[in-house]
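Residue 18 in numbering that gives the first Met the number 0 sits at position 19 of the sequence shown; the count goes up by one each step and never skips. Glycine residues also receive a C-beta, built at the ideal position from the N, C-alpha and C atoms. The structure displayed is predicted, hence computed values, not measured ones.
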Amino acid sequence: MAASYLHSLWGNLWVSHREIKELLTFSWRRKAPRAELVKAGSGVDSASASSRTEARTSESTKSSEPAQESGDPGPGYTPARIIGLILGPLLFVGTLVFFDPEGLSPEGKAVLASTLWIATWWITEAIPIPVTSLLPVALLPLTGALEGDAVVAAYGDDIIFLFLGGFSLALAMEKWNLHQRIALTIVAAIGTSPRRIILGFMVATGFLSMWVSNTAATMMMIPVGLAVVYQASLSMRGGEHESDLGKFEKSIVFGIGYAATIGGLGTLIGTPPLAVLSATVGRIFGESIGFGTWMMFGVPIVVILLALAWLYLTSIKFKVGFTHLPGGAESIRDEKRALGRMSFEEKVVFCVFLAVAFMWVTRSFIWESIIPGISDGVIAVIATVILFTLPTRNREEKKILRWEDSTKIPWGILLLFGGGLAIAAGFVETGLSAWIGDQLRTLDGINVILIIVLATTLVLFLTEITSNAATSTMILPVMAAFAVSLGVHPYALMVPCAMAANCAFMLPVGTPPNAIMFGTGRISIMDMVKSGFWLNLLALIFITLGVLYMLPVMWGVDLMSIPAAFQ
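If you want it as structure tokens, here you go:
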């Protein structure tokens, strides 16, 4: 009985591990979606495409029941996992026993050793990621680095509850299909010429990606886009511009995928690195980045990058010769018609969504003075409770959300955040971050702007092959110490690095949207590398420019000096 329970528990942990890989380490390689997506443009009508979209979106939320793919090594030990399993503890012991640098306290050395072990297991996936994320609870107190209470407190940080509320809100939107209605309304409103349709898909996907996972946003929009291409191909077959259909198809696929990645930069819940940034700033410096404060800076960056990506795709890379798209408007109308009238449940979720977004955006300059103790996490928890409380008019589903729905919330990701925050707390409390900063003083003579560009470039290309959450979790405390040692505001390095960690446009393994784009069969890896390189370059340029020139004005900070609160 006990053995059976333990076997079941271990299997469930690997399920959570694969869920985090899909959302964070970006190894989305399922074959079923590929087959379905290829089918979407090969002879099926728009109504069936809509049903596929709905089913696929539902699948994207059922992360607790992922299909075991033939290419996934599963819970077994591959050579890489065996190496990581052994290497992690060896680095831990070796650092504790043989590494004794001047100026680093024994507690700081313990945190460094623990971080090396945890990072090794995160990267090699030696055991499920959620389990690895619990190692700080054991390692930091046992090595004397931190008190146990301080470690476990990191797993209850406000930003974790902000993400919990964001997941719940996204789950409600997907459950009642509100996100699809919002997306199709935006697409139809922007226009039906080829360039406007691509813009409509990008704006809709980017907006959704601010609030729901970029995976769900992409999986929902790709089939709709391919249905539009299919209808156009029927009308243009044998015509003057038939050869341009391939370009139009690629521009839609790329546009949707890129917009999902870019849109996540607009809100703190849009992508994990931004949540890690906010939480790390709070842990290390005791300061907070409000939801509305971030949107003030993030949304303009999203708008700029979306516009540049759209112009690049439609005017340079995949420019087409036709100005009217036969069947495009009809396909979108068919998709909207298939949704039917807006249900009572959709209206309820939409009202909650508007109220929560309004509270998040206005908290720092309206509600803090009226309601003491309010935070983004508090607002998120209240919204979650409301969603589980509100009734429906559906005979089968009595509440907007039921507890059974909570199994689709990626709890393992919240553990990953908690583990990262515990490590960040250890960096600060033991003086490890200050010691690292001192070691980096050798770079004092280098121009600060050059350092910002180099650090952002490093993270931008590193995140093409690694988890963006793990990358940001490990690098942001170092960037904080580095900034202090250089005498510049920590935001000067932390903000661009956190944003760059989300901007992987070149490889299928970079982000879930990239993997889904590649899974359509419409684009090759070389297409992705060639297009993605220029998007990476644009992201690097405008993130850097945004941090240097927009952020100081919008947030009222001087990036070239350290304010008293951050010292």
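Supposed close pair LEU338, ARG180 - CB separation, criterion 8 Å
At roughly 6 Å, the Cβ-Cβ gap stays under 8 Å, so LEU338 and ARG180 are in contact.
Check whether SER530 and PHE253 have beta carbons under 7 Å apart:
Yes; because the gap between Cβ atoms is below 7 Å, this pair is in contact.
Next on the checklist: Measuring straight from C-alpha to C-alpha, what distance separates TYR257 and GLU395?
Outcome noted: In a straight line, the C-alpha of TYR257 is about 37 Å away from that of GLU395.
At 4 residues or longer, and completely inside the region 424-474: list those alpha helix (DSSP H) runs for me, N to C. 431-438 and 447-461, all fully within the region 424-474.
- Task: Assuming ILE128 and LEU415 form a contact by the criterion Cβ under 8 Å, report the distance between their Cβ atoms to the nearest whole angstrom.
- Result: At roughly 6 Å, the Cβ-Cβ gap stays under 8 Å, so ILE128 and LEU415 are in contact.
Notebook entry, point to check: Within the present structure, is the beta-carbon of PRO129 separated from the nearest heavy atom of the ligand COA by less than 6 Å?
Noted result: Among the components of this structure there are no ligands whatsoever, and the ligand COA is therefore not found.
Original post:
Hey, SER330 and ALA226 are a contact pair by Cβ (cut 8 Å); roughly how many whole angstroms apart?
Top reply: 5 Å between Cβ atoms; contact.
Hey, quick one: how far does the alpha helix (DSSP H) through GLU344 stretch, first residue to last? From DSSP, the alpha helix (DSSP H) with GLU344 extends over 343-361.
**Q.** At least three beta-carbon pairs within less than 8 Å, the region 257-270 to the region 208-227
**A.** The region 257-270 is in contact with the region 208-227.
Residue ranges of each beta strand (DSSP E) within the region 498-522, 3 or longer
If only uninterrupted beta strand (DSSP E) runs of at least 3 residues are considered, none is enclosed by the region 498-522.
Report task. List the residues that DSSP assigns as beta-bridge partners of PRO390. Result -> For PRO390, which the question treats as bridged, DSSP gives the partners LYS398.
key: Per-residue DSSP class, three states only, for ARG340   = Reduced to three states, the DSSP call for ARG340 is coil.
Which residues mark the beginning and the end of the alpha helix (DSSP H) in which LEU177 is found?
The continuous alpha helix (DSSP H) containing LEU177 extends over residues 177-189.
Just to confirm my understanding: we take GLY376, look at its own chain, exclude 5 residues before and 5 after, and list those with CB closer than 6 Å. What are they? Same-chain partners within the cutoff: ASP157, PHE160 and LEU161.
Worksheet item: What's the call for ALA564, buried or exposed, on a 16-neighbour Cβ count within 10 Å?
Response: With fewer than 16 neighbouring CB atoms inside 10 Å of its own CB, ALA564 falls in the exposed class.
(Q) Under DSSP, the alpha helix (DSSP H) around LYS529 begins and ends at which residues? (A) First-last of the alpha helix (DSSP H) with LYS529: 524-544.
- prompt: How big is the Cα-Cα spacing for SER523 and MET505?
  reply: Using only the alpha carbons, I get a separation of about 11 Å.
message = According to DSSP, is GLU173 part of a helix, a strand, or is it coil?
response = Residue state for GLU173 is assigned as helix, using DSSP reduced to three classes.
- Hey, how far is the Cα of GLY418 from the Cα of ASP437? A straight-line Cα-Cα distance of about 25 Å links GLY418 and ASP437.
Same chain, Cβ closer than 8 Å to LEU90, five either side skipped, listed in chain order
The answer, listed in chain order, is ALA112, LEU115, TRP116 and THR119.
ask   = Is it buried or exposed for ASN501, if we count other Cβ within 10 angstroms and need 16 for buried?
value = ASN501 is classed as buried because its beta carbon has at least 16 other beta carbons within 10 Å across all chains shown.
Query - Unbroken alpha helix (DSSP H) run spanning ILE283, endpoints - result: For ILE283, the uninterrupted alpha helix (DSSP H) segment begins and ends at 271-284.
**Report entry** Supposed contact pair GLY289 and SER363 - C-beta distance, whole angstroms, cut 8 Å
**Finding:** Here SER363 really is in contact with GLY289; their C-beta atoms are around 4 Å apart, less than 8 Å.
Using a 10 Å radius around the Cβ and a threshold of 16 neighbouring Cβ atoms, would you call GLU101 buried or exposed? So GLU101 ends up on the exposed side.
Query raised in the report: Three or more beta-carbon pairs under 8 Å between the region 139-146 and the region 395-408, yes or no?
Result: The way I'd put it, the region 139-146 doesn't touch the region 395-408; fewer than three beta-carbon pairs between them come closer than 8 Å.
Review point. Under three-state DSSP, which class holds ARG28?
Key: For ARG28, the pLDDT reaches just 36, beneath the cut-off of 50, and the residue's location in the model is therefore unreliable, although a value from the coordinates is still provided. ARG28 falls in the coil class under three-state DSSP.
As assigned by DSSP and simplified to three states, the class of ALA125: The DSSP-derived three-state label of ALA125 is coil.
| query | From which residue to which residue does the alpha helix (DSSP H) around PHE200 run? | reply | Here the alpha helix (DSSP H) through PHE200 covers 193-208.
C-alpha distance - ILE561 paired with VAL384, whole-angstrom precision: Spanning the two alpha carbons is a distance of roughly 40 Å.
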